[in-house]
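The structure under discussion appears below in the form of structure tokens.
Numbering (this note's numbering), first residue to last: 6 to 135.
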């Protein structure tokens, strides 16, 4: 697998399309940090690391509204292995005019674009969520 983050986003996107309650993805620290941010921002209900058959997994519990509407409308991978996208602290874009979030890897860790602007750091834009 050349792009584990894209695989994570695709699994979540497919699970939402199929109206699943939870989705299992192979675990890594970066994916756990992305899941933590998604939980803090209210896009998923919870996540927890598990293990099945000796493989470490990250179980992500998806969040739906009153009329079975998903909290996540779309997930979009921005920086890809073939074309990395880096931004400075003043160039961090807003997603849907502030209605969505973007997730960045910075020297201070994985954080949202809003947090990175507040802390005054730039980095690599991993994905956009709305």
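Beta carbons: idealized from backbone N, C-alpha and C, even for Gly.
Compare the Cα-Cα distances from residue i to each of the options and report the closest residue.
i	options	result
residue 33	73, 129 and 60	60
residue 93	78, 126, 64 and 113	126
residue 90	55, 112 and 129	129
Tell me whether the beta-carbon of residue i lies closer than 9 Å to the beta-carbon of residue j.
i	j	result
residue 118	residue 109	yes
residue 49	residue 135	no
residue 67	residue 132	no
residue 17	residue 65	yes
residue 36	residue 63	yes
Specify, as a first and last residue, the run of the beta strand (DSSP E) that residue i falls within.
i	result
residue 9	Residue 9 -> not in any beta strand (DSSP E); alpha helix (DSSP H) instead, spanning 9-22.
My understanding is that residue i touches residue j, with C-beta atoms under 8 Å, so please give their C-beta distance in whole angstroms.
i	j	result
residue 121	residue 97	6 Å
residue 86	residue 7	6 Å
Mind checking residue i: buried by the 16 CB within 10 Å criterion, or exposed?
i	result
residue 40	buried
Where does the unbroken alpha helix (DSSP H) through residue i begin, and where does it stop?
i	result
residue 67	Careful: residue 67 lies outside any alpha helix (DSSP H), inside the beta strand (DSSP E) at 60-67.
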